[in-house]
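Undergrad:
Numbering (the numbering used here), first residue to last: 16 to 148.
Written as structure tokens, this is what we have:
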């Protein structure tokens, strides 16, 4: 998301500005016009890049993503790859977390590898104990 400063003529015929956070200049202009019902814009300037979106913007984007993914069954490559991502994204939006399925996978894999090593070690200890006892 980017932050745009939009200059416009207000109701007192004075130049004023507002700041809008959107994906593109076109989207910023559309959001500005929708919110203010104004048509006369004097200029648009990108103020900063990589601005965090609002929760409403994230929810709207997630709905668009869900709409696209609804065309793909979990038996497809895309459907399988994104399976479970939308509920996690929704949870991230509501809780301000930044969890990812990749992080969950890597954490679970690390834990499984640790447990495999532990089981192997315990089996060796058991075999030693059985030989000695």
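We put the CB at the ideal spot given by N, CA and C, even for glycine.
The structure presented is a predicted model; accordingly, all values stated were derived computationally and were not measured.
Taking the alpha-carbon positions, what's the residue 126 to residue 115 distance?
TA: The residue labelled residue 126 in the question sits at position 111 within the chain shown. The residue labelled residue 115 in the question sits at position 100 within the chain shown. The straight-line gap from Cα to Cα measures roughly 17 angstroms.
Undergrad: Compare the C-alpha of residue 111 against each of 121, 137, 133, 71 and name the closest.
TA: Translated into positions along the chain shown, residue 111 becomes position 96. Comparing Cα positions, the closest option is 71.
Undergrad: Can you give the Cα-Cα distance for residue 77 and residue 21, rounded to whole angstroms?
TA: The residue given as residue 77 occupies position 62 in the chain shown. The residue given as residue 21 occupies position 6 in the chain shown. Cα to Cα, residue 77 sits roughly 26 angstroms from residue 21.
Undergrad: Where do the N-terminal and C-terminal ends of the beta strand (DSSP E) with residue 109 fall, by residue?
TA: Counted from its first residue, the chain shown places residue 109 at position 94. Per DSSP, residue 109 belongs to no beta strand (DSSP E); it is in the alpha helix (DSSP H), 100 to 110.
Undergrad: Whole angstroms is fine: what's the gap from residue 83's alpha carbon to residue 96's?
TA: The residue given as residue 83 occupies position 68 in the chain shown. The residue given as residue 96 occupies position 81 in the chain shown. Going from the Cα of residue 83 to the Cα of residue 96 covers about 13 angstroms.
Undergrad: What did DSSP end up calling residue 87 once you bin it into helix, strand or coil?
TA: Reading the chain shown from its first residue, position 72 is the one you call residue 87. Residue state, collapsed to three classes: coil.
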